[in-house]
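> In this note's numbering, the protein residues as written are 1059 to 1216. Ideal placement from N, C-alpha and C gives every residue a C-beta, glycine not left out.
1) When DSSP labels each residue in this structure, what does residue 1102 get in the three-state scheme?
2) Is residue 1105 closer than 8 Å to residue 1291 when the C-beta atoms are compared?
3) How big is the Cα-Cα spacing for residue 1087 and residue 1145?
4) As an exercise, report each continuous alpha helix (DSSP H) stretch of at least 4 residues that is fully enclosed by the segment 1156-1188, in chain order.
5) Taking the straight line between their C-alpha atoms, what separation do you get for residue 1081 and residue 1182?
6) To the nearest angstrom, how far is it from the Cα of residue 1112 to the Cα of residue 1140?
7) Would a C-beta distance cut-off of 8 Å place residue 1083 and residue 1134 closer than the cut-off?
8) What is the DSSP secondary structure of residue 1107, reduced to helix, strand or coil?
Encoded structure:
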């Protein structure tokens, strides 16, 4: 709690570095307890926080302007957070996981992290080959993407 704003749930100024680690532990505990809605909410906050941290660090270095993108090493923490979000979504049976896995794959490729890219590609393949209910079967999650809508790139970016 000392790392989180009590009403917004975002990192308290000056304590941002521990935020992602602590929240990730909370998310993992909630997953183990099958409290997946709460775990997903926390994991979305982590993804947002990781993206914000990378932008703040780039601005501090003077390397980020409005059109710049993250560098190779900057994308790895965000890719890992997005992978965990996708895993939570998959556990919930949400087709939104396909989009999240795709984004994690793209970030891992951008980071040049072949090991992470392989893990994400494997998990994405599991979602695409039918470890989820068919698109539209579960009315609670019918707003997701059709499973055939995404064709992942596997391999290093050119």
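Considering the structure as presented:
1) Correct three-state label for residue 1102: helix.
2) What the structure shows of the chain is the stretch from 1059 to 1216, and residue 1291 is not part of that stretch, so it cannot be assessed.
3) Computed Cα separation, rounded: 14 Å.
4) Within the segment 1156-1188, the alpha helix (DSSP H) runs of at least 4 residues that lie entirely inside it are, in chain order, 1172-1186.
5) Taking the straight line from one Cα to the other gives about 24 Å.
6) Rounded to whole angstroms, residue 1112 to residue 1140 spans 14 Å at the Cα level.
7) No, the pair does not count as a contact, with Cβ atoms beyond the cut-off.
8) Under the three-state reduction of DSSP output, residue 1107 falls in the helix class.
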